[in-house]
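Count along the sequence shown from 1, add 523, and you get the number used in my numbering. Taking it in order: structure first as structure tokens, then the write-up.
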Amino acid sequence: MHELSSEDHDPMGARPSGPGPIRARTRLAALSANLRGKRFQVEPGTPGIVVHHPDQPKVGIRVECRERPSDNDELWFWHEGEPLIEADHTDDAALAILARLNKLAAEEDRWL
Numbered sequence: 524m525h526e527l528s529s530e531d532h533d534p535m536g537a538r539p540s541g542p543g544p545i546r547a548r549t550r551l552a553a554l555s556a557n558l559r560g561k562r563f564q565v566e567p568g569t570p571g572i573v574v575h576h577p578d579q580p581k582v583g584i585r586v587e588c589r590e591r592p593s594d595n596d597e598l599w600f601w602h603e604g605e606p607l608i609e610a611d612h613t614d615d616a617a618l619a620i621l622a623r624l625n626k627l628a629a630e631e632d633r634w635l
């Protein structure tokens, strides 16, 4: 079992040095907590997490956290191979995710 060093995790939310799997999981956990606080249903996914619309739980998207080569390998949240936002911005990520979920919900309503 790998113990977290101070470089892997900072409980005060400071940006840990160097991207990697532990940082990605830490950022996804922070995003999950942020989303749950905003009434989103969040489940573990493989990979990443699955986020459901707060008002239409059948509508959901998978969100991953991984490096973005065009941004000096910084960690970003991704959906369907497209970058959403830098992984250090969980509030902004929640807004971007809600926008995607609203678009999917509107498309689903159109076909009902």
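Yeah, the Cβ is synthetic: ideal placement off N, Cα and C, and Gly gets one too.
Buried or exposed, going by whether 16 or more other CB atoms sit within 10 Å of the CB of residue i?
i    : result
G571 : buried
R589 : buried
T569 : exposed
H525 : Residue confidence is low: H525 scores 31 on pLDDT, short of 50, so the model does not pin down where it sits. Its coordinate-derived value is still stated next. Exposed.
A616 : buried
L598 : buried
L554 : buried
A610 : buried
S540 : Because S540 carries a pLDDT of 47, less than 50, the predicted location of this residue cannot be relied on, and the following value inherits that uncertainty. Exposed, because fewer than 16 other Cβ atoms sit within 10 Å of the Cβ of S540.
How would you write the range of the beta strand (DSSP E) that residue i sits in, first residue to last?
i    : result
G583 : 583-591
P606 : 605-609
P567 : 564-567
H602 : 597-602
Say the cut is 8 Å; is the CB of residue i nearer than that to a heavy atom of the ligand GDP?
i    : result
G583 : The model on display carries no ligand, and the ligand GDP is accordingly not part of it.
When the distance is taken between beta carbons, is residue j closer than 9 Å to residue i?
i    : j    : result
E631 : V582 : yes
R548 : F600 : no
L624 : Q579 : yes
D596 : N557 : no
Where do the N-terminal and C-terminal ends of the alpha helix (DSSP H) with residue i fall, by residue?
i    : result
G543 : Looking at the DSSP string, G543 is not in any alpha helix (DSSP H), and its letter there is neither H nor E.
When DSSP builds the beta bridges, which residues end up paired with residue i?
i    : result
H576 : BP columns for H576 are empty, so no partner.
With a cut-off of 8 Å, do at least 3 Cβ pairs link the region 559-568 to the region 600-608?
-> no
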